[in-house]
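In this text, residue positions in the sequence shown follow our numbering: the first is 1, and each later residue adds one.
The beta-carbon is built from N, C-alpha and C at its ideal position, and this holds for glycine as well.
Since the model is a prediction, treat every value here as computed from it, not as a measurement.
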Amino acid sequence: MTDSNGSIDGEAIGRPTNPMVSPLLTDLYQFTMAYAYWKAGKHQERAVFDLFFRRNPFGGEYTIFGGLEECIRFIANFKFTEEEISFLCSVMPTCEDGFFDYLREIDCSDVEVYAISEGSVVFPKVPLMRIEGPVAVVQLLETPFVNLVNYASLVTTNAARHRFVAGKTKHLLEFGLRRAQGPDGGISASRYCYMGGFDATSNVAAGRLFGIPLRGTHSHAFVSSFMSLDEIVNKTLRSYDGSSTCDDFVSLVECWLNKMQRADSLRGTFGDTNQSELAAFTSYALALPNNFLALVDTYDVMRSGVPNFCAVSLALNELGYRAMGIRLDSGDLAYLSIEARKFFCAIEKEFDIPEFGKMNITASNDLNEETIDALNKQGHEVDSFGIGTYLVTCYAQAALGCVFKLVEINNQPRMKLSEDVSKVSIPCKKRCFRLYGREGYPLVDIMTGENEPAPRMGDRILCRHPFNESKRAYVVPQRVEELLKCYWAGGSANKREDLPPVKDIRERCIQQLEQMRPDHMRRLNPTPYKVSVSARLYDFIHFLWLNEAPVGELQ
Ligand SMILES: Nc1ncnc2c1ncn2[C@@H]1O[C@H](COP(=O)(O)OP(=O)(O)OP(=O)(O)O)[C@@H](O)[C@H]1O
Ligand SMILES: O=P(O)(O)OC[C@H]1O[C@H](OP(=O)(O)OP(=O)(O)O)[C@H](O)[C@@H]1O
Ligand SMILES: O=C(O)c1cccnc1
Ligand SMILES: [Mg+2]
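Structure follows, in structure tokens:
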């Protein structure tokens, strides 16, 4: 039995992150089917379902698996409350009482979940999860599992793709909360974008829940809320080392702006700057001298924002502080970042301030894979990208399309046929392996029947396309990795895998992406990664297919 901590086999597993995730967060048809299984006396039959997707998203050839921990939290806590049972009685009034007594009893102590580790690179058709248990119970898991995996994997993949195009050295900040699909969309986006390789989020709740680093700048409202320097009343600022106090930081800033205006190397690049913007920057620096950064595009980036930022930074520098940098949120981000960098370098030289030229430049404003790629092609000086809307809404693809299909019941393999071969499911309780080649890259994923001998390092094995007879290859793996591991052992004594912290999953994801052959990863016309079945499974699939498909009759 499950205890109140969702612990069946020892170590406690927490509740789902979102309290809305309950056994009722499912489609009505799962309950009507469960009832019909129960009425037919079939509900205890042992079934195996696969959760998989059919096509990689975003026109790519890879996907990152996300959402596993939430699925495990869900089943660890799977139990109907009396209130939920009463609600079900009210919406299914024709069902016999015995069914509700049955629902009262069930939990996931008789369910086993084998899954690929979260944060892994995964491919179409290969089960991300294999769920085995009483058919009625596992049926009830379909919708919540698919829900928990679909968006998680999609947005993790989207984040990984943005990381790929931005490059390893750039800082990627997720700024999407305000544009995300509701609170769960926002929290999930922050978590899974971090997993997919982002460095930080602006979402404070996600920082608390998952320990994701928090970062942020400030908005245009802050800049435009100031009218003039006269508004600043408290002008004192202690030096960084605490050894002295500047009584009039505002005058110090003005003094530096003057020096800049008189400097030969900067002459002609700017004239009078916007004083309300200067007031905003000065106030921000007084409040946060260790974290001074400025949004420089409210009035005019090169004629006002950047010079004002530099004047405040030079004043801070005199007191021993180091400014952080600027954010650009409109205009031509390639051009403006290059011009801003030139200006910083000129300041470094003119006033002999080491490293001033290396000031951080953050860019934001409707960024996505394409715009970052365009910036790269043009050349730019951006160090950090703040990305919101396109990232968290997965604008380029609405859903991943994960499915949950029955592959075996009572030890009898089952398959779903379709006119569309890509929709035919692969029957049998399976094991899945990743075979690595001589150069260390993954070569192919192979699915085998449960009782077949596993592929072995150094042994030649035939890998067959599941449906296309002519596509096959021999592989001599240099390494064999079993993909499906036990993440939920139900009541059995099997040891289950630990659920690692988000940071570790992120590391895994980065490491997995790095080991992929580059042609699978490129944005334009990437090479498909091979997904195969063993010769035995191939023969069995085609035997079953012929058995199940009725023979047509021509008139
Ligand atoms: N150098 C560049 N190459 C390609 N795309 C760019 C470049 N610089 C900016 N962009 C993108 O172009 C779009 C510009 O957006 P938009 O036309 O709304 O102008 P804007 O700069 O936001 O102006 P405004 O502040 O007046 O709305 C954004 O999606 C931005 O990411
Ligand atoms: O552009 P995104 O990728 O979604 O990144 C987040 C955006 O959110 C903020 O804009 P804000 O809410 O002030 O709106 P606006 O830029 O559309 O005016 C910020 O200045 C970014 O532009
Ligand atoms: O901190 C920022 O600059 C930020 C946060 C959210 C959205 N846009 C910008
Ligand atoms: Mg914007």
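Cβ-based burial, residue 445 [other Cβ within 10 Å; buried from 16]: buried
Any residues whose CB sits closer than 6 Å to a heavy atom of ligand 1? List them in chain order? 330, 331, 332, 333, 334, 365, 366, 367, 371, 374, 375 and 378
Would residue 325 and residue 293 be called neighbours here (beta carbons separated by less than 9 Å)? yes
Thinking just about the alpha-carbon of each residue, which of 220, 221 and 185 is nearest to the one in residue 206? 185
Taking contact to mean 3 or more Cβ pairs, one atom from each stretch, closer than 8 Å, check whether the stretch 101-114 and the stretch 127-145 are in contact. yes
Residue 132 - containing beta strand (DSSP E), residue span: 129-134
Separation of residue 405 from residue 187, as counted between CA atoms: 29 Å
Proximity test, residue 49 beta-carbon vs ligand 2 heavy atom, cut-off 8 Å: no
Nearest CA to the CA of residue 39: which residue from 313, 71, 55 and 101? 101
Under the criterion of a Cβ to heavy atom distance below 8 Å, does residue 161 qualify as lining ligand 2? no
Spatial neighbours of residue 429 within its chain, please: CB distance less than 6 Å, with the 5 preceding and 5 following residues excluded, ordered by chain position. 48, 408 and 450
List, from N- to C-terminal side, the beta strand (DSSP E) runs of 3 residues or more that fit wholly inside the stretch 120-200. 129-134 and 171-174
Rounded to whole angstroms, what is the Cα-Cα separation between residue 516 and residue 65? 15 Å
Determine the direct distance from the alpha carbon of residue 110 to that of residue 374, and round the result to whole angstroms. 53 Å
In three-state terms, what does DSSP make of residue 75? helix
Is there contact between the stretch 153-164 and the stretch 383-394, where contact requires at least three CB pairs shorter than 8 Å? yes
Quick check for students: name the residue ranges of the alpha helix (DSSP H) that lie wholly in the stretch 341-415, counting only runs of 4 or more. 369-378 and 389-392
At which residues does the beta strand (DSSP E) containing residue 448 begin and terminate? 442-449
In terms of residue numbering, what span does the alpha helix (DSSP H) encompassing residue 221 cover? 220-224
Nearest-angstrom Cβ-Cβ length linking residue 152 and residue 67, presumed shorter than 8 Å: 3 Å
Under the three-state DSSP convention, the category residue 545 falls into: helix
Cβ-based neighbour list, residue 455, same chain, cut-off 7 Å, excluding 5 preceding and 5 following: 433, 435, 446, 461, 477 and 480
Assumed close pair residue 144, residue 400 - CB separation to whole angstroms, cut-off 8 Å: Not quite, the Cβ-Cβ distance comes to about 16 Å (not below 8 Å), so this is no contact.
By the 10 Å Cβ neighbour count, where 16 or more other Cβ atoms means buried, how is residue 522 classified, buried or exposed? exposed
Contacting residues, own chain, Cβ-Cβ under 8 Å from residue 471 (five flanking each side not counted): 464 and 465
From what residue to what residue does the alpha helix (DSSP H) around residue 259 run? 249-262
Counted within 10 angstroms of its Cβ, other Cβ atoms place residue 257 as buried (16 or more) or exposed: buried
Under 8 Å from any heavy atom of ligand 2, does the C-beta of residue 262 make it? no
Can you tell me whether residue 204 is helix, strand or coil according to DSSP? helix
Hey, quick one: how far does the alpha helix (DSSP H) through residue 533 stretch, first residue to last? Run containing residue 533: none in the alpha helix (DSSP H); it sits in the beta strand (DSSP E), 530-534.
Start and end of the beta strand (DSSP E) containing residue 326? 325-328
Hey, could you find the ends of the beta strand (DSSP E) residue 486 is sitting in? 485-488
In or out: residue 542 buried (at least 16 other Cβ within 10 Å) or exposed? exposed
Run the Cβ filter for me: residues under 5 Å from any heavy atom of ligand 3, listed in the order they occur in the chain. 175, 202, 216 and 217
Neighbour-count burial assignment, residue 380, 16 or more Cβ in a 10 Å radius: buried
In whole angstroms, what is the alpha-carbon distance linking residue 244 and residue 273? 29 Å
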